[in-house]
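Taking UniProt numbering, the leading residue of the sequence shown gets 1, the next gets one more, and so forth.
All C-beta atoms, glycine included, are put in the ideal place defined by N, C-alpha and C.
Being a predicted model, the structure only gives us computed values, none of them experimental.
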Amino acid sequence: MAATRNGLAVELTDLTRVYGDVRALDGFTLHAEPGEMIALLGPSGCGKTTALRILAGLDRQTSGTVRVGGRDLDRVPANKRDMGMVFQAYSLFPHLSVLDNVAFGLRLRNVSKAERRRRAGEKLELVGLSEHADRYAHQLSGGQQQRVALARALAVEPAVLLLDEPLSALDAKVRVQLRDEIRRIQLEVGTTAVFVTHDQEEALAVADRVGVMNAGRLEQLAPPAELYTQPATPFVGEFVGLSTPLPATVRAGRVQVLGHDLEALPGSVEGAGLALVRPEALTPRPVGERTSSGTARVVSVAFLGPFSRVHCALADGTDVVCQVASSSVLGLRPGDDVALELETSAVLVVPA
Ligand code: ATP
Numbered sequence: 001m002a003a004t005r006n007g008l009a010v011e012l013t014d015l016t017r018v019y020g021d022v023r024a025l026d027g028f029t030l031h032a033e034p035g036e037m038i039a040l041l042g043p044s045g046c047g048k049t050t051a052l053r054i055l056a057g058l059d060r061q062t063s064g065t066v067r068v069g070g071r072d073l074d075r076v077p078a079n080k081r082d083m084g085m086v087f088q089a090y091s092l093f094p095h096l097s098v099l100d101n102v103a104f105g106l107r108l109r110n111v112s113k114a115e116r117r118r119r120a121g122e123k124l125e126l127v128g129l130s131e132h133a134d135r136y137a138h139q140l141s142g143g144q145q146q147r148v149a150l151a152r153a154l155a156v157e158p159a160v161l162l163l164d165e166p167l168s169a170l171d172a173k174v175r176v177q178l179r180d181e182i183r184r185i186q187l188e189v190g191t192t193a194v195f196v197t198h199d200q201e202e203a204l205a206v207a208d209r210v211g212v213m214n215a216g217r218l219e220q221l222a223p224p225a226e227l228y229t230q231p232a233t234p235f236v237g238e239f240v241g242l243s244t245p246l247p248a249t250v251r252a253g254r255v256q257v258l259g260h261d262l263e264a265l266p267g268s269v270e271g272a273g274l275a276l277v278r279p280e281a282l283t284p285r286p287v288g289e290r291t292s293s294g295t296a297r298v299v300s301v302a303f304l305g306p307f308s309r310v311h312c313a314l315a316d317g318t319d320v321v322c323q324v325a326s327s328s329v330l331g332l333r334p335g336d337d338v339a340l341e342l343e344t345s346a347v348l349v350v351p352a
């Protein structure tokens, strides 16, 4: 397999995009290393797609700069930007065979027919669809169609691969398979990639670094484990780890939360802040069992297979999320009173 030449650095700096009175991007900065896979994660409407479209040249920023490989792309049209794109909708050409779909971008670049077939065949092999080269889109499953779309994006050997919610239309099992495959292929061909998703697990699983967006800005850019254990803001803690932010005060490195006296993790603020309590650290227990914590009322219990997620309300109405082994919450019902046991020796406290 001929490897793609290496990916290029991507630098989006201080991007603003204003639509009427909406600031879709508001001082958005993101720098990716050559060959790096960045996941852009955030809630609906935070500006992920806008950032990707501006990088691709499909939209133009109100202010700020886009550089790839050190070159300012301001005057470079989308079709000269050396990027491949995969969208949520597979958008294959229905009248072209799988092979011709993959070769399409090469035809636009005046690559000879023999060379087009060779390179398209190579990319089909990469996504495991060599046997389906002569089929048409309607003869493929959704997952297969998205593989073809991926092969098509890679056929021109782009310096940067852009993926906008590429797995959202697929069912859960295919999603995970294709997610892992996208990552394998991206590492193999060495292209820089930006993967837009609103799914935390997907972002953490696929990326070298995850950028969390909120209201048109980047809140934090960090490797998955760091993002999870050291969220820079309450928003990141809640969005990525489903952490519950609880008002707390740190004194000499100690913090009181839910009746527990805990160590404040390195990076915590001194004084008043918000303790980010992770769901896996909280267990609802029957009231009356020996526990040092306060009580809460069960709001909902969601069975998720090996574990369940239990939402509880504290006396002041604060919503708290617990994630526990399903076997330990059998019989728990909405409306039950429980004691919340905090099973950790340390929490992170961020500025309020
Ligand atoms: P989603 O996950 O729902 O696709 P997103 O994070 O990708 O969301 P964007 O599509 O980038 O968000 O949109 C960011 C904001 O800009 C939203 O408030 C959106 O309504 C607005 N917006 C995007 N495109 C336009 C447009 N062409 N005209 C007006 N407003 C727009």
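Alpha-carbon to alpha-carbon, Leu41 and Thr50: Straight across, the Cα-Cα distance linking Thr50 with Leu41 is about 13 angstroms.
Endpoints, alpha helix (DSSP H) assigned at Ala193: Premise fails: Ala193 lies in the beta strand (DSSP E), 192-197, not in any alpha helix (DSSP H).
Contacts around Ala207, its chain only, beta-carbon distance under 7 angstroms, and the 5 residues preceding and following it disregarded: Same-chain partners within the cutoff: Met37, Ile38, Ala39, Phe195, Pro224.
CB of Val301 within 8 angstroms of CB of Pro334, strictly: Yes; because the gap between Cβ atoms is below 8 angstroms, this pair is in contact.
Distance, Thr318 Cα to Glu270 Cα: Straight-line Cα distance between these residues: approximately 23 angstroms.
Assigned secondary structure, Gly317 (DSSP; H/G/I helix, E/B strand, else coil): Correct three-state label for Gly317: coil.
Between the CA atoms of Asp164 and Ala296 - distance to the nearest angstrom: Going by C-alpha positions, Ala296 is about 40 angstroms away from Asp164.
Residue range of the unbroken alpha helix (DSSP H) whose run includes Thr50: Thr50 -> alpha helix (DSSP H) spans 48-56.
Cβ neighbours of Val174 in the same chain (closer than 6 angstroms, five flanking residues each side left out): So the qualifying residues of the chain are Gly143.
Short Cβ contact (8 angstroms threshold) for Leu154 with Val257: In this structure, Leu154 keeps its C-beta atom at 8 angstroms or more from the C-beta atom of Val257.
Boundaries of the beta strand (DSSP E) in which Glu11 is found, first to last residue: 10-19 is the extent of the beta strand (DSSP E) around Glu11.
Range covered by the beta strand (DSSP E) that runs through Arg135: For Arg135, no beta strand (DSSP E) run applies, since DSSP gives it neither H nor E.
Pro223, enclosing alpha helix (DSSP H) - first and last residue: Following the DSSP letters along the chain, one finds Pro223 in no alpha helix (DSSP H), marked with neither H nor E.
Outcome for Gln139 when other beta-carbon atoms lying within 10 angstroms are tallied against a minimum of 16: Around the beta carbon of Gln139, fewer than 16 other beta carbons lie within 10 angstroms, which makes this residue exposed.
Distance cut 6 angstroms, beta-carbon to ligand 1 heavy atom: residue list by chain order: So the residues near ligand 1 by this Cβ test are Tyr19, Val22, Ala24, Gly42, Ser44, Gly45, Cys46, Gly47, Lys48, Thr49, Thr50, His198.
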